[in-house]
Amino acid sequence: MAMEISVDLINQLKVSLRKEAKLTSVDDCSDSSFPSLPTSEEAIAELDASAPYLRCRNCKGKLLRGIESLICVFCGNQQRTSDNPPDPIKFTSTSAYKWFLTSLNLDGSEMVEPLKETDGSSRGATKAPPSKGIALSKFLDLEIQWSALEEKSDDGQSVQKKNPLNLGGIN
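Numbering (the working numbering), first residue to last: 963 to 1133.
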């Protein structure tokens, strides 16, 4: 069951809170001598003075990774077009890689061996010679690359490529 609170009670609470905080009352704010509040774009732009090319095209907020930013954290607007794909990201340079190793109590220097392929029968098979392993950090040294996401077909409609994500570090 919803509880109804009267509008008068809410207004009375607003007035008493403003009096306690020694602020002007709600009626006094209608006076034109008080400056109006800035728009959200102006308020975001005032947070940090940086060059216009380091700001979002939509809300003028500062891009956290500068020109490398894919999206704006303030408005969510995409900053890059399909003609301008971002630089590749090395997995080993991300915080996800550090978190992954920490969660497994590893440091990346551990040696790993590739899985050995078998034909399904282990009877009478000779053991394969042990292969030399590689360091886990080298094994996980993946590079994530983005290619152009859309290409135009003959009839003018955009067609998504079959494989827009290229994991160049995987063999």
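Note that CB positions come from ideal geometry on N, CA and C, so glycine has one too.
Measure the C-alpha to C-alpha separation of residue 1097 and residue 1074 and round it to an integer number of angstroms.
Rounded to the nearest angstrom, the two C-alpha atoms are 6 Å apart.
Which residues does DSSP pair with residue 1051 in a beta bridge?
Note: residue 1051 sits in a beta bridge opposite 1106.
Grouping DSSP H, G and I as helix and E and B as strand, with all else coil, what is residue 977?
DSSP places residue 977 in helix when its eight states are reduced to three.
Is residue 1097 helix, strand or coil when you go by DSSP?
Here residue 1097 sits in strand by DSSP.
Could you pull the start and end residues of the alpha helix (DSSP H) that residue 1064 belongs to?
Looking at the DSSP string, the run of the alpha helix (DSSP H) that includes residue 1064 is 1057 to 1065.
If contacts are defined as beta-carbon pairs under 8 Å, then residue 1022 and residue 1033 qualify, I think. What distance do you get, rounded to the angstrom?
The Cβ separation is near 15 Å, so there is no contact.
Tell me whether residue 950 sits in a helix, a strand or coil according to DSSP, three-state version.
One cannot answer for residue 950 here, as it falls past the ends of the chain, which runs 963 to 1133.
Tell me, which residues are paired with residue 1041 by DSSP?
In DSSP, residue 1041 forms no bridge with anything.
Between which two residues does the alpha helix (DSSP H) containing residue 967 stretch?
Careful: residue 967 lies outside any alpha helix (DSSP H) and carries neither H nor E.
The alpha helix (DSSP H) that contains residue 1002, what's its start and end?
Start and end: 1002 to 1008.
Leaving out five residues on either side along the sequence, give the residues of the same chain with a beta carbon under 6 Å from the beta carbon of residue 1063.
Hits under 6 Å: 1070.
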